[in-house]
Each structure stands twice: as C-alpha cells, then as structure tokens.
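Novice:
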Amino acid sequence: MSRRYDCANPAERTGGLTDAASAVRKGELVVLPTDTVYGIGADAFTASAVNALLEAKGRGRDMPVPVLVGTVRAANALVESLGTYGQDLVDTFWPGPLTLILRANRSLSWDLGDTKGTVAVRMPLHPVALDLLKETGPMAVSSANRSGNPPATTVDQAQEQLGELVTVYLDGGPCGDDVPSTILDLTTAVPRVLRKGAIPVDKIRNVVGYLATEE
1 MSRRYDCANP AERTGGLTDA ASAVRKGELV VLPTDTVYGI GADAFTASAV NALLEAKGRG
61 RDMPVPVLVG TVRAANALVE SLGTYGQDLV DTFWPGPLTL ILRANRSLSW DLGDTKGTVA
121 VRMPLHPVAL DLLKETGPMA VSSANRSGNP PATTVDQAQE QLGELVTVYL DGGPCGDDVP
181 STILDLTTAV PRVLRKGAIP VDKIRNVVGY LATEE
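Quick note: the sequence shown uses the UniProt record's numbering, first residue 1, plus one each step.
1) Kindly list the residues whose CB is nearer than 6 Å to the CB of alanine 158, restricted to its own chain and excluding five residues on each side of it in sequence; keep chain order.
2) In terms of DSSP beta bridges, what is aspartate 171 paired with?
3) According to DSSP, simplified to helix, strand and coil, what is aspartate 43?
4) Just checking, does the stretch 159–167 make contact with the stretch 132–150 on the three C-beta pairs under 8 Å criterion?
5) Tell me which residue opens and which closes the alpha helix (DSSP H) that arginine 205 is part of.
6) Going by beta carbon distance, what residues of the same chain come within less than 7 Å of phenylalanine 93, once the five residues before and after it are set aside?
7) Taking all protein chains shown into account, decide if alanine 21 is buried (16 or more other Cβ within 10 angstroms of its Cβ) or exposed.
8) With DSSP collapsed to three states, give me the class of leucine 17.
9) Report, in whole angstroms, the separation of the C-beta atoms of leucine 170 and leucine 100, which I expect to be a contact under 8 Å.
10) For serine 109, which of helix, strand or coil comes out of DSSP?
11) Report, in whole angstroms, the separation of the C-beta atoms of isoleucine 52 and alanine 42, which I expect to be a contact under 8 Å.
12) Where do the ends of the beta strand (DSSP E) carrying alanine 120 lie?
13) Compare the beta carbon distance of valine 121 and leucine 102 with 8 Å and say whether it is the shorter of the two.
14) Measuring alpha carbon to alpha carbon, tell me which of Arg59, Ala140, Leu82, Asn105 ends up nearest glycine 70.
15) Under a three-way DSSP split, which group does serine 81 fall into?
16) Measuring only from the beta carbon, is leucine 82 closer than 7 Å to any heavy atom that is part of the ligand ATP?
17) For lysine 203, which of Asp88, Thr154, Glu80 has the nearest alpha-carbon?
18) Arginine 192: which of Leu211, Val67, Ser48 sits nearest, CA to CA?
19) From valine 179 to alanine 11, what distance separates their C-alpha atoms?
20) Is it buried or exposed for proline 97, if we count other Cβ within 10 angstroms and need 16 for buried?
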C-alpha cells in the first residue's frame, strides 16, 4: 500500500521525508516534487531500483535516468570533472532547472541505462527535494509519468499513473511551471543544448560564450 504525505503540514513533511529516505535505502520508489515537474526517484546506486523505475515508467534502457543531487559536492563526486564551463554554470544556475551532461566518474558502480559513460546531473530548486537528497545521496529521478504521457504537475497526477508501484508519495503542492529543465551537453568541446527548457538559451550563452543548438 502506497503512503502519501502532505509536505505543507510540518509534521507530515518530517515523517514523509523520513519514510521516503528509508524507502530509497531499501531500493523502493518514491515520488517527489521538484522545481519543474514531479519526479519518480530511486537510489542511483541500486541497479534493481533503477530498473524498477524504468519499468514503472514503461521506458527502455536507451533513455538513461538523470541523477539529482542535494549538493554541488555530491555532483563533483559523480563526474570526472565539471570541465571548462561546468563550474561557472553551476555557480550561476544551481540549484535550478539546468541539467548538465558530463563524463561519469569511472570508479562508480552503478547502472542508469545505456549512458555511454556519461551522466545527466542536476540540483533542483525545491526544499522538499533538497532535504530528501541530503538524506539519501544522489537519486536517479525521471518525470513521474508513464512514458508517452504528459509529466505530472501534481501528486494526484503522478499517483493516477504510477499507483502502487511507488512506495511513498511526497505532496509538495502543484508545480509552479510544467516546463522541464534545460539539458546541456558538456562532453564535447562546444557546449550543446540537447533540450530547450526553463533556463533560456541566451542566459546560458552569457556564461559559456559560443553554444551549439539542435537547430
């Protein structure tokens, strides 16, 4: 039976964060609010949990799961380096809706899907998400919806789609915006925008200079 907590209630918020962190450590799935849309999350280092996340969404390994972190230090531990532009981008836009694709730290033992040695990492600007991530460490998190359906902007929408596949639902209220994060690939010499989103391309260009887009 799934458990749901109203994070607008301080007592429920505390209990919900404790329960969600425990569920993640057990390899179970949780739904959490972020600064973009609701996410379905699992321990990034438990392969069976990540596989369960992909199955819950009806998504294949060819679409690897991004990783959310609660601190910049945690992000640094996941990657070979932030590269030429990464630190400036982190300083400017994190926490916030910018996902950076970087070379993954090769010493880490994890399986996020067919990543080709990269990881998509982000630090969300949402107090509930950040509090949970600081308890759990890095989490594999994807939008809380079945593949092909619109992303969930309320916990009700997430629960309707994912049901009992998720152990804990953290209700942070409606999302302020359903625009996803901007995805920026930093694994090539010239940063490339792979998905336009909440951070405008012009603002990124102000930080990195020349920027490649898919257009």
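The C-beta atom is built at its ideal place from N, Cα and C for all residues, glycine as well.
Specialist: Based on what the coordinates show:
1) Contacts found: Val31, Tyr38, Ala144, Ala152.
2) Residue pairing by DSSP puts aspartate 171 in a beta bridge opposite Asp6.
3) strand
4) yes
5) Unbroken alpha helix (DSSP H) run through arginine 205: 201–208.
6) Ile199
7) buried
8) helix
9) Contact doesn't hold; Cβ gap of about 25 Å is too wide.
10) coil
11) According to the sequence displayed, residue 52 carries alanine and not isoleucine. That belief holds up - the Cβ atoms of alanine 52 and alanine 42 are roughly 7 Å apart, short of 8 Å.
12) 118–122
13) yes
14) Ala140
15) coil
16) Although the ligand ATP was asked about, the structure shown includes no ligands whatsoever.
17) Asp88
18) Leu211
19) 30 Å
20) Residue environment for proline 97: buried (at least 16 other C-beta atoms within 10 angstroms of its C-beta).
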